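Numbering (my numbering), first residue to last: 18 to 231.
Every residue, glycine too, gets a C-beta built ideally from N, C-alpha and C.
Since we're looking at a predicted model, the values are computed, not measured.
A quick write-up on the structure given underneath.
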Amino acid sequence: MSWPIRTRTGGNHTGPGRPVPDPAVLADAARARTAVRARTAARARARAAGALAVVALAAPVVSAAPAAAAPPPPCLTSDLSLSWAPGGTAVSGGTEPGSSRTAVVALRNAGEATCLLDGFPKVTLAQGATTENLVDQRSVSHSAVTLDPGASARFTLTFRQGQSGEDGVIEPVTAIVTPPNNTASTHLRWRWGPVAEQESAGPPRNFVGPVVAA
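If you want it as C-alpha cells, here you go:
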C-alpha cells in the first residue's frame with residue numbers, strides 16, 4: 018500500500034518548520050543595539066567627566082611664587098658721605114700710649130637710589146709717604162647692609178695708641194678709606210693721635226671691622 022506524497026507550497030524555510038528571519042527586522046534590531054551601546058558609552062563618559070570635575074574642585078590651588086627681587090647695586094664711593102661718629106674709645110689727640118682704642122666711621126647714602134654695602138672697607142693711615150694698612154677683623158660677623166637714600170651704616174677702626182716721637186709709631190694726617198666693592202677712595206682727617214705700627218712678627222693689633230647697620 019502506498020501513501021500519497023504531500024507537497025507544501027508558499028513561504029521561505031531554513032529547515033523543516035523554521036521560518037527565515039526578515040532582513041528588515043534584523044536591521045532594526047542591530048540599530049537598536051547600536052543605540053543602546055552609544056547611550057551607555059555616553060553615560061560612562063559623563064560620569065568620568067563629573068569625577069574629574071570633582072577632583073579638580075577638591076585639589077588645592079597653588080599660586081606661583083613671586084620672583085625674588087634683585088638686590089640693589091653696590092654703593093659707590095661718590096654716593097657716600099663719610100664722617101667720624103660717636104661710640105668709640107679714641108680721644109682727640111690720643112691718650113695712654115700702648116692702649117687699644119676704637120674709632121667709628123659713619124657712611125651715609127648721599128645718592129638718590131638705594132644701594133648695598135657688604136664686607137670690609139680698606140683703610141690706610143697716611144703721614145706723607147709713611148702708611149699703615151689696617152687688616153680685616155674677620156672675627157666679627159656681618160651681613161649685607163641695604164642703604165636707602167639718606168640712611169647710614171658704620172664700621173669700627175681698632176688701633177694701638179702710640180707715643181709721639183718713638184720708633185715704630187706713625188702720626189697719621191689722613192685715613193684713606195675705600196668702601197667695600199669699590200676702587201675709588203675718600204679721605205678723613207685723622208684726629209686720634211699717634212698709632213703704633215703693626216709689627217710684622219707680632220699678632221695683628223690695627224683692625225678695620227666690616228660695615229654693619231647703624
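Where residue i falls, given that 16 or more other Cβ within 10 Å makes a residue buried
i: Arg155; result: exposed
i: Asp165; result: exposed
i: Glu129; result: exposed
i: Val122; result: buried
i: Pro211; result: buried
i: Gly182; result: exposed
i: Val72; result: Caution is warranted here: a pLDDT of 48 is assigned to Val72, below 50, making its placement in the model unreliable, and the coordinate value is therefore given only provisionally. The residue in question, Val72, is exposed, as its Cβ has fewer than 16 Cβ neighbours within 10 Å.
i: Pro90; result: exposed
i: Val190; result: exposed
Beta-carbon proximity check, residue i vs residue j, cutoff 8 Å
i: Ala143; j: Gly185; result: no
i: Ala230; j: Ala170; result: yes
i: Gly111; j: Gln178; result: yes
Element boundaries [beta strand (DSSP E), containing residue i]
i: Thr147; result: 147–150
i: Gln144; result: 139–144
i: Asn126; result: 117–126
i: Leu232; result: Because the chain spans 18 through 231 in this model, residue 232 falls outside it and cannot be assessed.
i: Arg222; result: Taken as a continuous stretch (DSSP letters only), Arg222 belongs to no beta strand (DSSP E), as it is neither H nor E.
Beta-carbon proximity list for residue i, same chain, < 7 Å, skipping 5 on both sides
i: Thr119; result: Gly105, Thr106, Ala107, Thr173, Leu174, Thr175
i: Cys92; result: Asn126, Cys132, Leu133, Leu134, Leu164, Pro196
i: Phe137; result: Asp153, Pro197, Val225, Pro227
i: Ser202; result: Thr94, Ile193, Val194, Thr195
Nearest-angstrom beta carbon gap, residue j and residue i [assumed within contact, 8 Å]
i: Pro221; j: Gln180; result: That belief does not hold up - the Cβ atoms of Pro221 and Gln180 are roughly 20 Å apart, past 8 Å.
i: Val194; j: Leu99; result: 6 Å
Cβ-based neighbour list, residue i, same chain, cut-off 8 Å, excluding 5 preceding and 5 following
i: Ser217; result: none
i: Trp101; result: Ala120, Val121, Val122, Ala123, Leu205, Arg208
Same chain only: Cβ atoms within 6 Å of residue i, ignoring 5 sequence neighbours per side
i: Asn223; result: Leu151, Phe176, Gln215
i: Thr141; result: Thr148, Asn150, Ile193
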